[in-house]
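Quick note: the sequence shown uses my numbering, first residue 2, plus one each step. Read the structure below first, then the notes.
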Amino acid sequence: MKEGMRERTVLKIGEFARVNQVSIATLRHYEKSGLLKPLELDPATGYRYYSLDQLPRLNRILALKELGFSLEQIAQLLEGELSFERLRGMFQLKQAQTQQMIDAEQARLTRIAARLSQIEQEGKMPAYEVLLKGVDALLVASIRGIVPLPLADGLEQSYAKIAAYLDEQRVQPGSPALYLLYSRSEQHDDGLYIDAEAAIPLSIALEGNEQITIQTLPGALMACTIHTGADLFLGQAYAALYRWLKDSGYQVIGPPRQLRLRYGAHIDPTQYVTEVQFPVKKMSEGDR
Numbered sequence: 002m003k004e005g006m007r008e009r010t011v012l013k014i015g016e017f018a019r020v021n022q023v024s025i026a027t028l029r030h031y032e033k034s035g036l037l038k039p040l041e042l043d044p045a046t047g048y049r050y051y052s053l054d055q056l057p058r059l060n061r062i063l064a065l066k067e068l069g070f071s072l073e074q075i076a077q078l079l080e081g082e083l084s085f086e087r088l089r090g091m092f093q094l095k096q097a098q099t100q101q102m103i104d105a106e107q108a109r110l111t112r113i114a115a116r117l118s119q120i121e122q123e124g125k126m127p128a129y130e131v132l133l134k135g136v137d138a139l140l141v142a143s144i145r146g147i148v149p150l151p152l153a154d155g156l157e158q159s160y161a162k163i164a165a166y167l168d169e170q171r172v173q174p175g176s177p178a179l180y181l182l183y184s185r186s187e188q189h190d191d192g193l194y195i196d197a198e199a200a201i202p203l204s205i206a207l208e209g210n211e212q213i214t215i216q217t218l219p220g221a222l223m224a225c226t227i228h229t230g231a232d233l234f235l236g237q238a239y240a241a242l243y244r245w246l247k248d249s250g251y252q253v254i255g256p257p258r259q260l261r262l263r264y265g266a267h268i269d270p271t272q273y274v275t276e277v278q279f280p281v282k283k284m285s286e287g288d289r
């Protein structure tokens, strides 16, 4: 071992590998690619020695590998003296992207489980009682837009914006919150988007803003049913309403409404309670 090496804390390749929890093969690969060469190679024994001073460089190499860079790209980045601040920013971005992927996959697993449950329940459709009732006109603050499925995720942002605005105006929001579904939909690369409007009832009129509309939803005769369970199964309630319409001679004359009677982050989704309302009128002979 050379004299200069005695002034540093040096480790054999196996020791250096254990300290950094990497394999000896990985260190040899980095040596061959020129990314991280041993501090010294003993010609007599063939032992490779590394210095603890090389730890920061190895940590950066491993970090950049985690970020998905190739060894060639890593070499170029390290030549540019990659600062800790820049590396931290890259890691934070990757962390956020990875979390989004995890959340998306978790949501997909939830939907798959729900679809499997639907298949298992085929032929065992829960009984939905459909009632006709008159609904009065309703003053609301609302946000309408094209939102992705599942609707709850996209609409939560709208509800939060409305709630924040009402808080600024010192207006107490009414209940239950509701949303309206329109017929327009768009297929995007990341899934289906639906034209939907989130609304919160108001007890007094006030001015809206660029995003929030203050409006009065018209009163109407409604065909209504109650759905208990997760939003993913709301289609069962819709199917029951459409069957009732066909059998009873009524037709839909406006966007369906969904009233969130029991809903929230602290509530088990299987215990959600939603009232689905269809504005309807009796079909005439000419409509049949």
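C-beta: ideal position from N, C-alpha, C; glycine also.
Exposure of residue i, with buried meaning 16 or more beta-carbon neighbours within 10 Å
i	result
G5	In this prediction, G5 scores a pLDDT of 49, lower than 50, which makes its location untrustworthy; the coordinate-derived value is nonetheless stated afterwards. Flag for G5 reads exposed.
R7	Because R7 carries a pLDDT of 49, less than 50, the predicted location of this residue cannot be relied on, and the following value inherits that uncertainty. Counting Cβ neighbours within 10 Å, R7 comes out exposed, since fewer than 16 surround it.
S176	exposed
A45	exposed
T290	Shown here, the chain extends from 2 to 289; a query on residue 290 therefore has no answer.
H267	exposed
E130	exposed
A224	buried
S159	buried
I254	exposed
L42	exposed
E198	buried
Q259	buried
L53	exposed
G230	buried
A128	exposed
D232	buried
V148	buried
Which of helix, strand or coil DSSP assigns to residue i
i	result
P256	coil
V136	strand
E208	coil
V20	helix
A266	coil
Y48	coil
R7	Bear in mind that a pLDDT of 49 at R7, under 50, signals an unreliable position, so the model cannot answer this.
D196	strand
Y34	This sequence places Ser at residue 34; Tyr is not what is there. Three-state DSSP puts S34 in a helix.
G15	helix
A178	coil
R171	coil
F85	helix
F70	coil
Y273	coil
P57	helix
E130	coil
I215	strand
S285	coil
L150	coil
L42	strand
Inter-residue spacing [alpha-carbon to alpha-carbon] between residue i and residue j
i	j	result
V281	L222	6 Å
S1	Y194	A question about residue 1 goes unanswered here, because the residues of the chain that appear run from 2 up to 289.
R171	E80	57 Å
G15	H189	51 Å
Y251	G146	29 Å
G209	A114	40 Å
E187	Q93	32 Å
I25	A105	36 Å
L78	R263	53 Å
I215	L207	7 Å
L68	V277	46 Å
F17	A165	55 Å
A108	M102	10 Å
P219	D137	7 Å
Q212	L152	19 Å
A240	T111	22 Å
L63	Y48	23 Å
E86	L235	48 Å
T226	L242	7 Å
M284	L156	33 Å
K134	A238	17 Å
M91	I75	13 Å
L65	L72	9 Å
Below-7 Å beta-carbon distance, residue i vs any chain C residue
i	result
Q173	Protein chain content of the structure displayed is limited to a single chain, and chain C is not contained in it.
#### Entry: the region 126 to 142 contacting the region 199 to 206, beta-carbon criterion three pairs below 8 Å
yes
### the region 57 to 76 contacting the region 31 to 42, beta-carbon criterion three pairs below 8 Å
yes
### Task
Ignoring anything shorter than 4 residues or poking outside the region 222 to 252, list the alpha helix (DSSP H) runs there in chain order.
235 to 249
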